[in-house]
Amino acid sequence: MKAIYDNNRFLLFVFIAIIMLNMPSCSRNNDLTMTPVITHVRLTDPEKADSTFVGAFPGTMVAVIGKNLDGIQKIYINDQPIGFNANYCTSTSAIISIPADLLLTGTNPDLPNEIRIETSHGEARFNFHIYSPAPQISRIELNYPAKAGEKLSIYGLNFYEVKKIAFETATGSSVSATEYEVDKDYDKIDLKIPSGVQDGRLAVYCITDSVSIAFTTHVSPPIIKSWSSDMPIIGDQAFITGANFINVTKLNINGEFDVPDKDLMVAKSQDTIYYRLPKTPTKSGTITVHAAGGQSNSTKLFYPIENLVLNWDEIGHYEWGDNNMPVMADGTKPPYFTTGTAYRIFGSPGAWQYWWGNLSNKGSYPTINTIPANTPIGNLVLRFECFVNEPLATATFDLQLKGNGDKMVSDYVPRDRNSNKTNLGKWMTCDILFNRFTTVADYGRFAAIASSELSIFTKNKADNANVKVDIYFDNFRIIDTSKN
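Position 369 of the sequence shown, counting from 1, maps to 1049 under the numbering used here, and the rest follow consecutively.
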């Protein structure tokens, strides 16, 4: 960091030296009766000294170039006084930094877009724009099909100083929206659809930059991007993310059964569907979203039963341990929902406890017909559902597969694969990289290991003797993340 700072300071001194060499002699005999003038603004980088511009972002250092700038007393940007170093000011230049907290015309349109320098013998003004953050579009909302005169809403961020909104096509034609309103938070634009719009892109042009989003006059097919879990707990709320979730009529689960629209909740942003799986699918497959624009299938496998290692029902079983119990939820107390049987570890381990809350099981590992033998271990994760009911504090977990105590995941804290946070009081889906469990290179070598064990060990490596553990596990499975 010091080297970067020194280098930047050196470049600044070089730039100042260049200016000093090219300026008229500055002495007490200088004529201070000439009116100061700003001619242009440029960057302080000597290699870019020939580039001039009429705007910059807050935090930028610039050189204000002009004539008769001796005796600078004050400098203003957007009618706000800024600090400056007189040592960096000459009769032909002033090097200044645009304050990061400057009030901008994007939110204060009455402010002047200018740099003003007051000297002992007059003042100089120069039109100069301090840019607001660049605009962003997240989605649009309208009633399809798009009709002239009807309302369309654009959602996003930083809709400051909008110059133009246009419906543009790939052939170069453009229709501008002349009636629009930007809301007070600059994150939404309501407009009236003009006549003659076609499929293409809807663009918002601001002084800072422009941004666009795909636009069709008729509703586009839904798109599935991701989901909260590929094997959600039955009855618990899950979600699917994507786009164009407009007038969703149903979800079809693996071609077996539907979740009707009355049991769905679609976000106002039309990019998330919340649902509860009513029963366990009997096979893996795909989710299909049925909406106004048609239907769309997930590209990834949903409910991959063949990848399960342990669920304490028909796949795998409990073998030995302590401070644990099987649980079938009834909806009245944590974890509220389970897919058949889940297993709970609970109690107080005490201080400096390395052998407590053990949960050793026999699993049924997927065959190489399910996960090909040549699948790199680096592609795989151990995925499972987890419900943490009490803050873990200093408690952690060790996990071991196939009896490999030499390659064990130690001091593990469950985290939701979607948020990377430990959720309390609700089920979350967790991933652990498979190469943390084994040194072999591919799944074929791992599958060949004779043991079928999957074990969890709880420990508390701290003086805190008041730690409470209350955690639930279910649906351990091995997933190839390059495919799912």
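C-beta: ideal position from N, C-alpha, C; glycine also.
Determine the direct distance from the alpha carbon of K831 to that of M945, and round the result to whole angstroms.
One-based indexing of the sequence shown puts residue 945 at position 265. One-based indexing of the sequence shown puts residue 831 at position 151. The straight-line gap from Cα to Cα measures roughly 24 angstroms.
Under 9 angstroms between C-beta atoms, does W1032 make it to chain D?
Looking for chain D here will not work: only one protein chain is present.
Are I1159 and R1063 touching if we call contact CB-CB under 9 angstroms?
Mapped onto the sequence shown, residue 1159 falls at position 479. Mapped onto the sequence shown, residue 1063 falls at position 383. Cβ distance < 9 angstroms, so I1159 and R1063 count as in contact.
Counting only the same chain and skipping the five closest in sequence on each side, list residues whose C-beta sits under 7 angstroms from that of V1120.
As a position in the sequence shown, residue 1120 is number 440, starting the count at 1. Result list for V1120: I1057 and F1126, in chain order.
Jot down the residue ranges of each uninterrupted beta strand (DSSP E) in the segment 845-918, minimum 3 residues, whole runs only, in chain order.
854-856, 860-862, 868-872, 880-886, 890-895 and 903-907
Assign S875 to buried or exposed, taking buried as 16 or more other Cβ atoms, counted over all protein chains shown, within 10 Å of its Cβ.
As a working note, residue 875 is residue 195 in the sequence shown. Burial call: exposed.
For Y835, which residues in the same chain have their Cβ closer than 8 angstroms to its Cβ, ignoring the five residues on either side in sequence?
What you label residue 835 is simply residue 155 of the sequence shown in a count that begins at 1. The answer, listed in chain order, is I817, S818, R819, I820, E821, D867, K868 and S949.
In angstroms, rounded to a whole number, what distance separates the CA positions of W917 and G996?
Start at 1 with the first residue of the sequence shown, and residue 917 comes out as number 237. Start at 1 with the first residue of the sequence shown, and residue 996 comes out as number 316. Rather than Trp, the amino acid found at residue 917 in this sequence is Gln. The straight-line gap from Cα to Cα measures roughly 26 angstroms.
Are T799 and N758 close, meaning C-beta to C-beta below 9 angstroms?
As a position in the sequence shown, residue 799 is number 119, starting the count at 1. As a position in the sequence shown, residue 758 is number 78, starting the count at 1. Not closer than 9 angstroms, so no.
Per DSSP, what kind of secondary structure is N991 in: helix, strand or coil?
Taking the first residue of the sequence shown as 1, we reach residue 991 at position 311. Correct three-state label for N991: coil.
With three or more beta-carbon pairs closer than 8 angstroms as the criterion, would you say the segment 1004-1023 touches the segment 972-989?
no
Can you check DSSP and say which residues form a bridge with I778?
On the sequence shown, position 98 is the one that residue 778 refers to. DSSP lists no partner for I778.
Which runs of the beta strand (DSSP E) at least 3 residues long sit entirely within the segment 1027-1092? Give them in chain order.
Note on the segment 1027-1092: whole beta strand (DSSP E) runs with a minimum of 3 residues are 1033-1042, 1060-1068, 1075-1081 and 1089-1092, in chain order.
Quick check on R708: buried or exposed, where buried means 16 or more other Cβ atoms within 10 Å of its Cβ?
Taking the first residue of the sequence shown as 1, we reach residue 708 at position 28. Confidence in R708 is poor, its pLDDT being 38 and thus under 50, which makes the residue's placement unreliable; the coordinate value appears in the next sentence. In this structure R708 is exposed. Its beta-carbon is surrounded by fewer than 16 other beta-carbon atoms within 10 angstroms.
Inspect the CB distances between the segment 953-962 and the segment 878-893 and report whether three or more fall short of 8 angstroms.
no
Is it the case that the segment 924-937 contacts the segment 993-1013, given that we only count it when at least three CB pairs across the two stretches are under 8 angstroms?
no
So, are the CB atoms of D910 and F982 less than 9 angstroms apart?
Here residue 910 is taken as the residue at index 230 of the sequence shown, counted from 1. Here residue 982 is taken as the residue at index 302 of the sequence shown, counted from 1. Yes, the Cβ-Cβ distance between D910 and F982 is below 9 angstroms.
Rounded C-alpha distance that separates S705 from C886:
Here residue 705 refers to the residue found at position 25 of the sequence shown. Here residue 886 refers to the residue found at position 206 of the sequence shown. In this prediction, S705 has a pLDDT of 35, which is less than 50 and means its spatial position is unreliable; what the coordinates show is noted afterwards. For S705 and C886, the distance between alpha carbons rounds to 43 angstroms.
Restricting to Cα atoms, I'd like to know which of L1060, W992 and P940 is closest to R1116.
Sequence index remark: in the sequence shown, residue 1116 carries index 436 (1-based). That would be L1060, whose Cα lies nearest to the Cα of R1116.
According to DSSP, simplified to helix, strand and coil, what is A1022?
Working through the sequence shown from its first residue, we reach residue 1022 at position 342. Strand, per DSSP.
What is the DSSP secondary structure of Q753, counted as helix, strand or coil?
For the purposes of this step, residue 753 is identified with residue 73 of the sequence shown, where counting begins at 1. Residue state, collapsed to three classes: strand.
Simplified DSSP state of V1147, which is helix, strand or coil
As a position in the sequence shown, residue 1147 is number 467, starting the count at 1. Note: V1147 maps to coil in three-state DSSP.
Cβ neighbours of P738 in the same chain (closer than 7 angstroms, five flanking residues each side left out):
Within the sequence shown, numbered from 1, the residue matching residue 738 stands at position 58. The answer, listed in chain order, is I778, P779, A780, L782 and I810.
Select from K905, L837 and Y824 the residue whose C-alpha is nearest the C-alpha of V877.
The residue you call residue 877 lines up with position 197 of the sequence shown. Residue Y824 is the option with its Cα nearest to V877.
Where does W1032 land, buried or exposed, given buried means 16+ other C-beta within 10 angstroms?
Here residue 1032 is taken as the residue at index 352 of the sequence shown, counted from 1. With fewer than 16 other Cβ atoms within 10 Å, it is exposed.
L931 to N1164, Cα distance in whole Å?
As a working mapping, residue 931 is identified with position 251 in the sequence shown. As a working mapping, residue 1164 is identified with position 484 in the sequence shown. Per the coordinates, the alpha-carbon of L931 lies some 19 angstroms from the alpha-carbon of N1164.
With 16 other Cβ atoms within 10 Å as the buried cut-off, status of F695:
As a working note, residue 695 is residue 15 in the sequence shown. Model confidence at F695 stands at a pLDDT of 47, short of 50, so the residue's coordinates are unreliable; what they give is reported in the following sentence. F695 should be labelled buried.
S731 versus H720: straight-line alpha-carbon distance, rounded
Taking the first residue of the sequence shown as position 1, residue 731 is located at position 51. Taking the first residue of the sequence shown as position 1, residue 720 is located at position 40. A straight line joining the alpha-carbon of S731 with that of H720 spans about 10 angstroms.
Between which two residues does the alpha helix (DSSP H) containing Y835 stretch?
Position 155 of the sequence shown, counting from 1, holds the residue named residue 835. Where Y835 is concerned, there is no enclosing alpha helix (DSSP H), although the beta strand (DSSP E) it sits in stretches over K831 to L837.
Note down, in chain order, each residue of its chain lying with its Cβ closer than 6 angstroms to the Cβ of Y1016, except the 5 sequence neighbours on either side.
Here the question's residue 1016 lines up with position 336 in the sequence shown. So the qualifying residues of the chain are A1009.
Consult DSSP for N1115 and reduce its assignment to one of helix, strand or coil.
Translated into positions along the sequence shown, residue 1115 becomes position 435. Looking at N1115 - three-state DSSP - the assignment turns out to be helix.
By alpha-carbon positions, which one of Y1045, H801 and P1052 ends up nearest to E994?
Taking the sequence shown and counting its residues from 1, the one referred to as residue 994 is at position 314. Among Y1045, H801 and P1052, the Cα nearest to that of E994 is on Y1045.
Among residues of its own chain, excluding the 5 on either side of A814, which ones have a beta-carbon nearer than 8 angstroms to its beta-carbon?
Mapped onto the sequence shown, residue 814 falls at position 134. For A814, where only same-chain residues beyond five positions count, the Cβ hits under 8 angstroms are N838, C886, T888, D889 and V891.
Among residues of its own chain, excluding the 5 on either side of S812, which ones have a beta-carbon nearer than 6 angstroms to its beta-carbon?
As a first step, residue 812 is located in the sequence shown; it is residue number 132 there, counting from the start. Contacts found: L784, G786, Y840 and T888.
Quick check on V734: buried or exposed, where buried means 16 or more other Cβ atoms within 10 Å of its Cβ?
Position 54 of the sequence shown, counted from the first residue, corresponds to residue 734. V734 is exposed by the Cβ-count criterion.
Go through its chain and collect everything with a Cβ distance to I967's Cβ below 8 angstroms, but skip five positions before and after it.
As a first step, residue 967 must be located in the sequence shown, where it is residue number 287. These residues qualify, in order along the chain: I904, W907, I920, L931, N932, I933, N934, N977, S978 and F982.
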